[in-house]
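Below is one structure, written out as structure tokens; comments come after it.
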Amino acid sequence: MAAVVRAVRGNLGFTQENLAHAASRTYLSKIENAESSPTIDKFVELAEALGMSPLAFMALILSTRDKTPSSALLAEAAEELKALQKRVSDDDIAAHLAGIDLVKRPAARPVNLVKLKKVLECKEIGLSKAETARRLGISRSTVGFLWERSVPAEG
């Protein structure tokens, strides 16, 4: 990625300062020196600041990494998307969105109410998480998982 960002920016006549609206000069320098990788959101901003679509920018990066023509990568991706759309529709994805926000999923593991009540009792009397874990004989990660929860209302 570093070489592609540096080459595209330089060959298109942009300085790091020209791209300041997408990322700071310091951050761009870290990206160009392979010391940092941008988030998806920052990647999109950077691509747009360079006047490219994020997809074209990613294709260029992957074609450089894999030493494969970007057109071949894009053709392969188009085939993969066609096959995937038979199994995952736009409606399937939209079902996980509320407007533009992601719909929150319930906790992956159900809460053990007995452990939860014991952890909250220890918290209430002023024990630390570590002391609670030792007293109850459960892991500190389990205590941490339960520490900020509350006992669900029965109904």
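Counted the way our numbering counts, the sequence shown spans residues 6 to 160.
Where is the CB? At the ideal position from N, CA and C, for every residue including glycine.
As assigned by DSSP and simplified to three states, the class of residue i
{"i": "L55", "result": "coil"}
{"i": "L102", "result": "strand"}
{"i": "F19", "result": "coil"}
{"i": "E126", "result": "helix"}
{"i": "K120", "result": "helix"}
{"i": "T69", "result": "helix"}
{"i": "E81", "result": "helix"}
{"i": "V156", "result": "coil"}
{"i": "L151", "result": "helix"}
{"i": "M63", "result": "helix"}
{"i": "V9", "result": "helix"}
{"i": "V49", "result": "helix"}
{"i": "S94", "result": "coil"}
{"i": "L86", "result": "helix"}
Spatial distance of residue i from residue j (CA atoms)
{"i": "I130", "j": "F150", "result": "18 Å"}
{"i": "D46", "j": "A54", "result": "12 Å"}
{"i": "R140", "j": "L132", "result": "9 Å"}
{"i": "I98", "j": "R92", "result": "11 Å"}
{"i": "L33", "j": "L102", "result": "32 Å"}
{"i": "M6", "j": "A100", "result": "33 Å"}
{"i": "L96", "j": "G142", "result": "It should be pointed out that residue 96 corresponds to Asp in this sequence rather than to Leu. Cα-Cα distance, rounded: 46 Å."}
{"i": "R154", "j": "A88", "result": "42 Å"}
{"i": "K72", "j": "E22", "result": "30 Å"}
{"i": "E40", "j": "T31", "result": "11 Å"}
{"i": "G18", "j": "P74", "result": "24 Å"}
{"i": "V49", "j": "H26", "result": "12 Å"}
{"i": "V119", "j": "S94", "result": "41 Å"}
Burial state of residue i, where buried means 16 or more other Cβ atoms lie within 10 Å
{"i": "R14", "result": "buried"}
{"i": "E37", "result": "buried"}
{"i": "T137", "result": "buried"}
{"i": "N43", "result": "In the sequence under discussion, the amino acid at residue 43 is Pro, which differs from the Asn named in the question. Buried, since its Cβ has 16 or more Cβ neighbours within 10 Å."}
{"i": "A83", "result": "exposed"}
{"i": "A28", "result": "buried"}
Bounding residues of the alpha helix (DSSP H) (the contiguous stretch that carries residue i)
{"i": "I143", "result": "Careful: I143 lies outside any alpha helix (DSSP H) and carries neither H nor E."}
{"i": "R44", "result": "Here residue 44 is Thr; the residue named in the question, Arg, does not match the sequence. Counting along the chain, T44 falls outside any alpha helix (DSSP H), and DSSP gives it neither H nor E."}
{"i": "R30", "result": "30-37"}
Cβ separation of residue i and residue j, assumed to be a contact under 8 Å, to the nearest whole Å
{"i": "A64", "j": "L79", "result": "5 Å"}
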